[in-house]
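Here the protein sequences come in this chain order: A and B. Numbering-wise, the first sequence is residues 504 to 659 according to my numbering. Numbering-wise, the second sequence is residues 504 to 659 according to my numbering. Here is the structure we will look at.
Protein chains: 2
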Amino acid sequence: MDNEVSPDKFMLRPEAMLCFDLYATHHAVGQVYQPLLAGLGLTYPQYLVMIVLWEMDGITVGDLGARLDLTSSTLTPLIKRLESQGLVLRQRDTRDERKVRVRLTATGRDLEAAARHIPDCVAEAFGLPQARLEEVHALLGQLRRALKAHAGSRPA
Amino acid sequence: MDNEVSPDKFMLRPEAMLCFDLYATHHAVGQVYQPLLAGLGLTYPQYLVMIVLWEMDGITVGDLGARLDLTSSTLTPLIKRLESQGLVLRQRDTRDERKVRVRLTATGRDLEAAARHIPDCVAEAFGLPQARLEEVHALLGQLRRALKAHAGSRPA
DNA sequence: CTCGTATATATCGCACACGATTAAATCGTA
DNA sequence: TACGATTTAATCGTGTGCGATATATACGAG
Numbered sequence: 504m505d506n507e508v509s510p511d512k513f514m515l516r517p518e519a520m521l522c523f524d525l526y527a528t529h530h531a532v533g534q535v536y537q538p539l540l541a542g543l544g545l546t547y548p549q550y551l552v553m554i555v556l557w558e559m560d561g562i563t564v565g566d567l568g569a570r571l572d573l574t575s576s577t578l579t580p581l582i583k584r585l586e587s588q589g590l591v592l593r594q595r596d597t598r599d600e601r602k603v604r605v606r607l608t609a610t611g612r613d614l615e616a617a618a619r620h621i622p623d624c625v626a627e628a629f630g631l632p633q634a635r636l637e638e639v640h641a642l643l644g645q646l647r648r649a650l651k652a653h654a655g656s657r658p659a
Numbered sequence: 504m505d506n507e508v509s510p511d512k513f514m515l516r517p518e519a520m521l522c523f524d525l526y527a528t529h530h531a532v533g534q535v536y537q538p539l540l541a542g543l544g545l546t547y548p549q550y551l552v553m554i555v556l557w558e559m560d561g562i563t564v565g566d567l568g569a570r571l572d573l574t575s576s577t578l579t580p581l582i583k584r585l586e587s588q589g590l591v592l593r594q595r596d597t598r599d600e601r602k603v604r605v606r607l608t609a610t611g612r613d614l615e616a617a618a619r620h621i622p623d624c625v626a627e628a629f630g631l632p633q634a635r636l637e638e639v640h641a642l643l644g645q646l647r648r649a650l651k652a653h654a655g656s657r658p659a
């Protein structure tokens, strides 16, 4: 009978909306990054990997995954694409041959300078005062810790 | 020389961290939903589609995309999977044959009751008081509007 | 030294997600 | 009426993501 629009049901569930907020905001951020990164030939996840590498060159695949919350099934192909672009090298650790260390090439290091303008562009796109951004950062950090604690405590 | 860990560089850029916050929190939410949805045979994006359908049965693919910020290239295969599970039907609009309307089957409608416990489970996983969640909701909404305004104003 | 276990990465199959393109239906206007 | 422009979905290629599995190396008990 009343299968018409009834926005209340949707709008009145902040928990439900929150999941959608994160989903949609994540997308929106991707849309802002994409044109900025296109010039560098990077995707958004590839950019995140490069950020970590600029800071911790030679990190292992596992540590990279711990940092970005990704598994080798995602990282291995991604890193191989970076390698085929000449940005990184993959080398087995000589002490522990199970580990693979990801090292920047000169090209990969140089890309940092070319990417230096991006954070400011994004901050501008956010369009909120610094204090507001810190708020979001803090809240999301709290949220993420809570979610992870919950997931960890209930491996089903 | 100092290509060792220097977390400062990363930590001192809230804009950069914010993008990662969204990325990581989005993942964490997915991890919480997944076991809950597995029982229903739904993925997280499929669940979002069903939420919209439970509220607006018979919506067109385009309107669904506007609501969820997805294009037909994502939605068409997703909806076909829902169809093959017997949850929805895809019907051309008789007035405008370009449009495809997505209608719930009886099974699809019944799934709403089976999914009714999920929001509470997620709210619990969030582990923050309601007021806090509203804060996040409000901030993300602001953020998303700002991002979209920016993307819209600069189609490059 | 050897065998079983644990760890680190890689591989595979499936499901998003998006840009670019295509195809069909509709609309506007001559 | 006819025909070009617009709108709506579908399709295609590439790149994530993840669970399950495979493989190779390291470790440890005996």
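Beta carbons are placed, not taken as given, at the ideal position from N, Cα and C, and that holds for glycine. Fair warning: this is a prediction, and the values are worked out from it, not measured in the lab.
Alpha carbon to alpha carbon, how far is residue j from residue i? Give it in angstroms, no decimals.
i, j, result
"Leu496(B)", "Leu540(B)", "The structure shown has nothing for residue 496(B), since chain B only spans 504 to 659."
"Pro622(B)", "Arg604(A)", "41 Å"
"Ile582(A)", "Ala569(B)", "34 Å"
"Gln633(A)", "Tyr526(B)", "19 Å"
"Val639(A)", "Glu600(B)", "44 Å"
"Gln588(A)", "Tyr536(A)", "20 Å"
"Trp557(B)", "Ala531(B)", "25 Å"
"Leu643(B)", "Thr597(A)", "46 Å"
"His653(A)", "Ile562(B)", "35 Å"
"Leu650(A)", "Leu592(B)", "35 Å"
"Ala659(B)", "Pro580(B)", "Any reading at Ala659(B) must be qualified, since the residue scores a pLDDT of 37, below 50, and its modelled position is unreliable; no value is offered."
"Arg619(B)", "Gly565(B)", "26 Å"
"Asp572(A)", "Asp560(A)", "18 Å"
"Ala626(A)", "Gln549(B)", "32 Å"
"Ser575(B)", "Leu567(B)", "9 Å"
"Gly611(B)", "Ile554(B)", "11 Å"
"Leu551(A)", "Asp524(B)", "12 Å"
Buried or exposed, going by whether 16 or more other CB atoms sit within 10 Å of the CB of residue i?
i, result
"Gly528(B)", "Here residue 528(B) turns out to be Thr, not Gly, going by the sequence shown. Thr528(B) is buried by the Cβ-count criterion."
"Ala628(A)", "buried"
"Ala519(B)", "buried"
"Asp613(A)", "exposed"
"Gly544(B)", "exposed"
"Gly542(B)", "exposed"
What I want to know is whether the C-beta of residue i ends up closer than 7 Å to one or more non-hydrogen atoms of the ligand ATP.
i, result
"His529(A)", "For the structure depicted, the ligand ATP is absent and the ligand set is empty, with no information on it obtainable."
Scan the stretch 556-626 of chain B and note each continuous alpha helix (DSSP H) run of 4 residues or more that stays entirely inside, going in chain order. With a minimum length of 4 residues, the unbroken runs of alpha helix (DSSP H) contained wholly in the stretch 556-626 of chain B fall at 564-571, 575-587, 609-617.
Give, in chain order, every residue of the stretch 579-609 of chain B whose Cβ lies closer than 7 Å to some Cβ of chain A. none
Anything in the stretch 521-540 of chain A with a Cβ closer than 8 Å to a Cβ of chain B? List those residues in chain order, please. Leu521, Cys522, Phe523, Asp524, Leu525, Tyr526, Ala527, Thr528, His529, His530, Ala531, Val532, Gln534, Val535, Tyr536, Pro538
At a CB distance below 9 Å, what residues from the stretch 641-653 of chain B approach chain A? Give them in sequence order. Correct list: Leu642, Leu643, Gly644, Gln645, Leu646, Arg647, Arg648, Ala649, Leu650, Lys651, Ala652, His653.
Can you list, in chain order, the residues of the stretch 615-633 of chain A whose Cβ is nearer than 8 Å to any Cβ on chain B? Pro622, Asp623, Val625, Ala626, Glu627, Ala628, Phe629, Gly630, Leu631, Gln633
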